[in-house]
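Notes follow once the structure below has been shown.
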Amino acid sequence: MILKILTVAVFAFLYVPIIYLVFSSFYDDGFTFRNYEAILNDRNVTTAFFNSLNVAILSTLISVILGTLAAYSFKKRGHFLESLFYPPIVIPEITEAVALLLFFKMLEFPLGYYSVLTGHIAFNVAFVYVVVYARASSIEKSIEEASYTLGANEFQTFTKVVLPLLMPGIVAASLIAFTLSWDNFIKTAFTTGPGFNTLPLLIWSQAARGVVSPSINALASLMLLISIVLSYLYVRISIREE
Amino acid sequence: MKLSLPAIAYLAVFFYLPFAIVVAYGFGYPEFTLKHFFEIFNPIYAQFFLNSFIIAAITTLLCLLIAYPVAYYIAVKSKKWKNTLLILIILPFWISFLLRTYALMAILSKFDLLFTFTAVIIGMVYDYLPFMILPLYASLEKLKVSVIEASYTLGAKPLETFYKVMVPLSKPGMVAGCLLVFVPALGEFVVPTMLGGVSITTLGTLTWDLFIKYHNWWRGSALSVFYMIIVVAAILYYIKRVGRLEI
Amino acid sequence: MVTYAVELENVSKHYGSYEVLKDITLRIRKGEFFSILGPSGSGKTTIIKIIAGLVSPDRGCVKFNGEDCTNKPPYKRNIGMVFQDLALFPHLNVYENVAYGLRIRKVDEGEIREKVFKYLELVNLDPKIYAKRRINQLSGGQQQRVAIARALITEPSVLLLDEPLGALDFKVRQHMAMELKRIQKTVETTFIYVTHDQSEALTLSDRIAVINSGKIEQIGTPQEIYEKPATKFVASFIGEMNFISARVENGEVFSEIGRVRVKKLNGSREFLISIRPEKVRINDSAENSFEAVVEEVNYLGSHLLLKLRVGNAYLKALTPSSVRIKEAEKVVAGWNSEDAILLEA
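Protein chains in written order, with this note's numbering: chain R, 1 to 242; chain Z, 1001 to 1247; chain D, 2001 to 2345.
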């Protein structure tokens, strides 16, 4: 009984702020859409939105291709190089962020869209690798061998057998990669340059000063909605797989 | 093997090479000096480290105390609601710290708690709690109810059962959870800045200031290297303790 | 000149320092049901994978119809293979699994449909019921049939079967073995069948190669293997066998249970006399007879399996269960020299 009350209290603690945020985004002396109208008409917000979307989609696409190929190739033969994929997941983000900043500074690479994108791909590759690898290692070797004995070459076997079997893993990895990039704040903050803003940076520019504004509430609620939709899709896929 | 080369090359250039550069700057690139490491160990900085350590330690302890009964409840007691509760624990992983901290900020400002030490601790626990619950849940889930019942039938009282059966069996989860909370909490930047304001300087905020405000890349790098050493030590400790690294 | 369906010549294979296959030479005739029989770890799966091209040999060559194919990848060998775990494609339904090989060969849709139906019928799966089923909706025996149909549809020159019945229940297993025999008779394809089950090998095969620790012990028909085992390993691996060690002195043969008569000496001074339990005669005249005590009686239904003590040695004997024998009874046990096989010690 005490356990139950405590559990309920913890979930309340976790979710009340989020619910309050969404609630207050519709509130301004009564129920209103005004906060949402305000952000939709704000050029800064729409630009940042498309920047975020652009980086998230491209970094997902590239990291899914690189990570999937790597996961498939290591599944075939264990190798020490495989361990190179784990540090980007384990290491605290801020150290990776400063490393990337110095790297770009040293190369005198202009900070902005490309530097942000490059950084996002780096950690997404590792996450895609881990998720797809888990899936790839569940494919028995004999499945591929069966395809060879039926006359399919390596490429046909990859496209007709391996890829369809990897697909649930690839979709899950894409959702994770997209979310990580879409939400990313620290790495983006360190590697961005003048004029390239993403939605998390926009929220930060207000919130870091302790300002709670109705329009930021609306923006944060919208971002929340996207995160929840993505995680819902992820849960759906993992449940269907079981 | 060949197929993995693009990904490995990418990580080599955009992940491992940057770290090498940080180390190089830490040692005073283009010169070679240990000066920057001495700089970060002066008494003013020691205070910042202590702040970070205290915040991370309190956060870890609170998370463990709160998460254990919750994880136990989800793993062992709840039948009908198990999946729903699990989803509710996993959901915060999909929402960035920035958004979650922002959501909390709105509430804390209502209670006039903003920019206090308490606010920072609440924020840290709020953000890191799921990272403690999930590994604890995973190890408690494996623990069968019959094991606890067996302990009771052998004459152990509930408290004895907890110490002698549950704690040892859930140790891997506790170690994993504590590291998953403590290590990133040590370098946490978003929470102390948003909820602590300028009143609290930590490893994370210091790193930000050194790099973004003062462009002191050498001292910043030395700080980063120092933090990295703590991280690597923690990971090695975990591997030694639990035997493997599982993500 | 006879061309063989498959030939292995002096094939060797190492994994690290472990020698899996030592100088294997095999010639498999066209249309033959050929079994490779051996205990687990004997290297039999490696042989079949070398034939399939999934593993390449360190030395030696593999020929199909007289043509050297050692370096041909599996997908150019025109083979079919049924895997130990069946390896059905979990993302495809029954129809698509069977059609796979034809799709790869870009056969037109009408022909694919016709052939998928034909081969599903061949393996006794009603296409109308099963074509659209998912693989995980089938029983073990049905999955087996799908795997066979999938492997045969491309009309391979050789069908390789790697312990395909291993995962099945005993009853289904027996039934599927008979089905395999029927299918082989229908399609007249060369079957190469890997198994550790001697009774399966004996009932199904035209010829058997017995393999142990990477070496071929004997190749022959089931009768030859059973009745004239070439080595002690073959004699003990296939069926039950009594071994009595013996040596020759002054032209006479002394065994561990006394003087015996043998049919023909093979020249070596020390050897084993091997007698099948069913050849041991109880209370019946025989060239070599000894007093024995019945230590154990095991009732097998139609027969009794007896454990007899003769001096310090033991003999197993099989006798019809109509003969009444009790434990501790004294009997006379013996054999005729023509029923004994002399093997290298």
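We treat Cβ as the ideally placed atom computed from N, Cα and C, and that holds for glycine. All of these numbers come straight from a predicted model, not from anything done at the bench.
Shorter than 8 Å from the beta carbon of threonine 159 of chain R to some beta carbon of chain D? Output row for threonine 159 of chain R: interface = no.
Proximity test, Cβ basis, 8 Å: serine 238 of chain R and chain D: Interface with chain D (8 Å Cβ-Cβ cutoff): serine 238 of chain R is excluded.
Would you mind sorting glutamate 2007 of chain D into buried or exposed? The rule is 16 or more other CB atoms within 10 Å of its CB. Buried is the call here.
Nearest chain D C-beta to alanine 70 of chain R closer than 8 Å, yes or no? Put simply, the CB of alanine 70 of chain R is far from chain D, with every gap to its CB atoms at 8 Å or more.
What does lysine 4 of chain R touch in chain Z if you count any residue whose Cβ is under 9 Å from its own? For lysine 4 of chain R, the neighbours in chain Z by C-beta distance under 9 Å run, in chain order, Tyr1073, Lys1077, Ser1078.
Please state whether the Cβ-Cβ distance between leucine 1011 of chain Z and leucine 230 of chain R is less than 8 Å. Contact check for leucine 1011 of chain Z against leucine 230 of chain R fails: the beta carbons are separated by 8 Å or more.
For the alpha helix (DSSP H) holding histidine 1036 of chain Z, just list the boundary residues, first then last. It spans 1035-1040 - the alpha helix (DSSP H) in which histidine 1036 of chain Z sits, taken as one unbroken run.
Can you give the Cα-Cα distance for valine 1198 of chain Z and threonine 1116 of chain Z, rounded to whole angstroms? So the two alpha carbons sit approximately 10 Å from each other.
When you compare the CB of serine 1052 of chain Z with every CB in chain R, is at least one pair closer than 8 Å? So no, serine 1052 of chain Z is outside the interface.
Nearest-angstrom Cα separation, counted from phenylalanine 31 of chain R out to alanine 71 of chain R: Cα atoms of alanine 71 of chain R and phenylalanine 31 of chain R: separation of roughly 50 Å, rounded to the nearest angstrom.
Give the DSSP-derived three-state secondary structure of aspartate 2162 of chain D in the structure shown. Looking at aspartate 2162 of chain D - three-state DSSP - the assignment turns out to be strand.
Euclidean distance between Cα positions of alanine 208 of chain R and threonine 1118 of chain Z: Straight-line measurement puts the Cα of threonine 1118 of chain Z at about 17 Å from the Cα of alanine 208 of chain R.
CA nearest to the CA of proline 1980 of chain D, picked from D/Asn2336, D/Ile2225, D/His2303: Here chain D covers residues 2001 to 2345 and nothing more, so residue 1980 of chain D does not appear.
Return no unless some Cβ of chain D is closer than 8 Å to the Cβ of alanine 134 of chain R. For alanine 134 of chain R, no Cβ of chain D is located within less than 8 Å of the residue's own Cβ.
Thinking proline 2073 of chain D and glycine 2053 of chain D are a contact (beta carbons under 8 Å), I'd like their distance in whole angstroms, please. About 6 Å; that satisfies the 8 Å criterion.
Does any C-beta atom of chain D lie closer than 8 Å to the C-beta of serine 142 of chain R? Yes, because at least one Cβ of chain D sits closer than 8 Å to the Cβ of serine 142 of chain R.
Tell me which residue opens and which closes the beta strand (DSSP E) that alanine 1156 of chain Z is part of. Careful: alanine 1156 of chain Z lies outside any beta strand (DSSP E) and carries neither H nor E.
Chain D residues whose Cβ lies nearer than 7 Å to that of proline 164 of chain R: Within 7 Å Cβ-Cβ: His2091.
Boundaries of the beta strand (DSSP E) in which aspartate 2023 of chain D is found, first to last residue: Residues 2018-2028.
Do you know whose CA, among R/Ala97, R/Asn153, R/Tyr133, lies nearest threonine 118 of chain R's CA? Out of R/Ala97, R/Asn153, R/Tyr133, R/Ala97 has the C-alpha closest to the C-alpha of threonine 118 of chain R.
Quick one: what does DSSP say histidine 2014 of chain D is sitting in, helix, strand or coil? When secondary structure is reduced to three states using DSSP, histidine 2014 of chain D falls in the strand class.
Element boundaries [alpha helix (DSSP H), containing threonine 191 of chain R]: Going by DSSP, threonine 191 of chain R is part of the alpha helix (DSSP H) stretching over 186-191.
Using a Cβ-Cβ cut-off of 6 Å (strictly less than) and excluding sequence neighbours within five positions of leucine 1245 of chain Z, which residues of its own chain qualify? In this prediction, leucine 1245 of chain Z has a pLDDT of 49, which is less than 50 and means its spatial position is unreliable; nothing more can be read from the coordinates.
Using a C-beta cutoff of 8 Å, does threonine 2190 of chain D count as contacting chain R? By this cut-off, threonine 2190 of chain D is not an interface position.
Can you round the beta-carbon distance between leucine 224 of chain R and isoleucine 1095 of chain Z to whole angstroms, since I take them to be within the 8 Å contact cut? 6 Å between Cβ atoms; contact.
I need the straight-line Cα distance from lysine 1110 of chain Z to valine 212 of chain R, nearest angstrom please. Roughly 10 Å separates the two Cα atoms.
Grouping DSSP H, G and I as helix and E and B as strand, with all else coil, what is lysine 2330 of chain D? The three-state reading of DSSP puts lysine 2330 of chain D in strand, counting E and B together.
Tell me the DSSP secondary structure of glutamine 2198 of chain D in three-state form. If DSSP states are grouped into helix, strand and coil, glutamine 2198 of chain D belongs with the helices.
Does the distance between the C-beta of serine 174 of chain R and the nearest non-hydrogen atom of the ligand GTP fall short of 7 Å? Although the ligand GTP was asked about, the structure shown includes no ligands whatsoever.
Which of helix, strand or coil DSSP assigns to cysteine 1063 of chain Z: The DSSP-derived three-state label of cysteine 1063 of chain Z is helix.
Verify whether the separation of the beta carbon atoms of leucine 2343 of chain D and alanine 2246 of chain D is less than 8 Å. Not in contact: leucine 2343 of chain D and alanine 2246 of chain D (Cβ atoms no closer than 8 Å).
Taking 8 Å as the limit between beta carbons, can you name the residues of its chain near tyrosine 2226 of chain D, skipping five residues before and five after? Counting only Cβ-Cβ distances below 8 Å, and skipping sequence neighbours, we find Leu2202, Ile2238, Gly2239.
Taking just the CA atoms, how far does threonine 1101 of chain Z sit from tyrosine 114 of chain R? Looking at the two C-alpha atoms, the distance is approximately 28 Å.
Drop a sphere of 10 angstroms on the beta-carbon of glutamate 2338 of chain D, count the other beta-carbons inside from all chains shown, and report buried for 16 or more, exposed for fewer. Label assigned to glutamate 2338 of chain D: exposed.
Could you tell me which chain D residues have their CB closer than 7 Å to the CB of glycine 151 of chain R, listed as they occur along the chain? Going along chain D in sequence order, the residues near glycine 151 of chain R (Cβ under 7 Å) are Tyr2075, Gly2101, Ile2104, Arg2105, Thr2154.
Buried versus exposed call for tyrosine 2015 of chain D [16 or more other C-beta atoms within 10 Å across all chains shown]: The residue is exposed, with fewer than 16 neighbouring Cβ atoms inside 10 Å.
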